[in-house]
Each structure stands twice: as C-alpha cells, then as structure tokens.
Amino acid sequence: MRASARTPPLLVLRAAAPPTPVGPRGPLPLPWKRRQPIGWAASAPPRRGGFPRACGGLTAMLKAKILFVGPCESGKTVLANFLTESSDITEYNPTQGVRILEFENPHITSNTKGTGCEFELWDCGGDPKFESCWPALMKDSHGVVIVFNADIPSHLKEIEMWYSCFVQQQFLQDTQCLLIAHHKPGSGSDKGNPSLPTPLNKLKLVHSNLEDDPEDIRLEFIKYLKSIINSVSESRDREEMSIIT
1 MRASARTPPL
11 LVLRAAAPPT
21 PVGPRGPLPL
31 PWKRRQPIGW
41 AASAPPRRGG
51 FPRACGGLTA
61 MLKAKILFVG
71 PCESGKTVLA
81 NFLTESSDIT
91 EYNPTQGVRI
101 LEFENPHITS
111 NTKGTGCEFE
121 LWDCGGDPKF
131 ESCWPALMKD
141 SHGVVIVFNA
151 DIPSHLKEIE
161 MWYSCFVQQQ
171 FLQDTQCLLI
181 AHHKPGSGSD
191 KGNPSLPTPL
201 NKLKLVHSNL
211 EDDPEDIRLE
221 FIKYLKSIIN
231 SVSESRDREE
241 MSIIT
C-alpha cells in the first residue's frame, strides 16, 4: 500500500472525559483513572517512551504504550472509549491521524514489585493516507491491538498488512499482539473463529460484542495489559542490571 503524494499532516485529537460522579462525601472512586490525553504536532518529534528510573529509593511507575490499529469502520474508537471508560461516541467519524488516551488501572501492577502502571492507548486512524505517519506512531510502542469488523470479509485480508507493518516491522513478539474480532450492535454474535492465514492464526484472538457481552472483552483486555506490563517490567529490570554490572 502506497502513501498518497500529498499526505495531510498528522492530527492528534483530545478525547473528552465524562464528569467524575460525586456522592454525598465527595467524588466517587472509579475503577479506571483517566488522565488528560496528550498529543504532539506533526512538526514536533514524538515523546520518547523509555523506562523511568527509581528515585530516592522509590520505584518509578511503569508506563506502556499500546497501539489500536486496523481497517476503517472496524470499531476501534468505540472499543477504545469503552475499555478506557472515556466518553461515548454515537456517530461514526473516522479518526484523523491518532487519538491518545492516558489511563490507569489500580488492578494492574507489576508481578514482582507491585509497581503502579500508566498506559497510553493510541487510537490510530485506519485510512492509508496517513501511512507516512505510521513510523512516528509506532515509535517506542510496547504492544499492538489489531481490531477488525468480523462481519466484513475484506477485513480478514487487510489485517495482514496491519500485522506486517505494526508488529513484524517493529520486531514485536506475537505475545505483544492481540487480535479483536469486533461485532457491531445488531450484527449478531457469531463467535466462530474466522479462517486466518499464517502467521495471524498464531495470534491470540478474542471476540468483542459490547451489546451482548461487554465484560468479556474488558476482562480479556485486562489480561493483555497485565502481560504487556510484565514484559515492560522485565525489560526495565534487565536495563537496570546492565547499568549496575
């Protein structure tokens, strides 16, 4: 797939978060802590990920960057909003460039040290006109979630390209990739495994139906985030040991 001769500048949109519910004694706790989304302009370099250092005897919080990619009209934005408990979107508007959502989940910590975790979810637009921006989006990412519409047969062919560009070209492990077959409302909930070509058939495949089984995909996503943060923790430990030795 070739980028057009005149590629529009990358747009980074800010997602509006719903108001925090308030009880008689003040704000109520939420299972997910939403942070102000961050962004960067096309002319500025992307923010480096990296691993924060321990300071003053305290273990720094772990951070992980997750990409949401896939064909147009696959349901990435609706799914991203649901999984991060951001504002709902009722009308379809193609994502122009990328939306970045920052969030925390107190139930996800490093296995070894119980360190807190912060996540960046990059909801990437599926239009190939932004192909020239993909290298910048991929920089310093720790995981890739490929979303496709299970009711559009052509998506099965398209996700091969997304896997090649965002997983193989980054030399990520298949364990760092999650494949989501998304079912839109009213489309039925056939959870039969689609016929996937090699090497996609080796990936973890889960089904998403926010109308019938919303908690299923939430639990699967939490499992995936735990595996990613453990990988980040192990990488940071190796980096720190290399400095010490």
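Counting along the sequence shown from 1, when you hit position 175 you're at 175 in UniProt numbering, and nothing is skipped either side. For glycine and all other residues, C-beta sits at the position ideal for the given N, C-alpha and C.
C-alpha distance - residue i paired with residue j, whole-angstrom precision
i: residue 138; j: residue 230; result: 20 Å
i: residue 118; j: residue 205; result: 24 Å
i: residue 140; j: residue 222; result: 21 Å
i: residue 127; j: residue 81; result: 19 Å
i: residue 68; j: residue 136; result: 14 Å
i: residue 122; j: residue 163; result: 16 Å
i: residue 242; j: residue 220; result: 34 Å
i: residue 232; j: residue 179; result: 20 Å
i: residue 106; j: residue 157; result: 37 Å
i: residue 51; j: residue 209; result: The predicted position of residue 51 is uncertain, since its pLDDT is 40 and thus under 50; no value can be drawn from it.
i: residue 187; j: residue 168; result: 31 Å
i: residue 238; j: residue 245; result: 10 Å
i: residue 79; j: residue 240; result: 36 Å
i: residue 150; j: residue 85; result: 23 Å
i: residue 217; j: residue 207; result: 7 Å
i: residue 94; j: residue 116; result: 33 Å
i: residue 185; j: residue 74; result: 12 Å
i: residue 215; j: residue 225; result: 15 Å
i: residue 154; j: residue 171; result: 26 Å
i: residue 174; j: residue 125; result: 22 Å
i: residue 202; j: residue 109; result: 27 Å
i: residue 17; j: residue 213; result: Bear in mind that a pLDDT of 45 at residue 17, under 50, signals an unreliable position, so the model cannot answer this.
i: residue 144; j: residue 211; result: 24 Å
i: residue 161; j: residue 234; result: 29 Å
Coarse secondary structure for residue i, derived from DSSP in three states
i: residue 123; result: strand
i: residue 136; result: helix
i: residue 108; result: coil
i: residue 155; result: helix
i: residue 117; result: strand
i: residue 171; result: coil
i: residue 93; result: coil
i: residue 177; result: strand
i: residue 63; result: strand
i: residue 193; result: coil
i: residue 149; result: strand
i: residue 204; result: strand
i: residue 101; result: strand
Distance between beta carbons of residue j and residue i, contact taken as under 8 Å
i: residue 177; j: residue 146; result: 7 Å
i: residue 200; j: residue 159; result: 7 Å
i: residue 148; j: residue 182; result: 7 Å
Member of the options whose CA lies at the smallest distance from the CA of residue i
i: residue 132; options: 120, 166, 148; result: 166
i: residue 247; options: 77, 109, 94, 116; result: Given a span of 1 to 245 for the chain in the structure shown, any question on residue 247 remains unanswerable.
i: residue 70; options: 103, 108, 215, 97; result: 97
i: residue 236; options: 94, 124, 142, 73; result: 142
i: residue 83; options: 161, 74, 104; result: 104
i: residue 130; options: 72, 211, 234, 202; result: 72
i: residue 99; options: 109, 108, 120; result: 120
Near the ligand SAM: residue i beta-carbon under 7 Å from a heavy atom
i: residue 83; result: Ligands displayed in this structure: none; no statement on the ligand SAM is therefore possible.
Handout entry: Stretch-stretch touch, CB-based, cutoff 8 Å, three pairs: the stretch 193 to 201 with the stretch 61 to 79
Key = no
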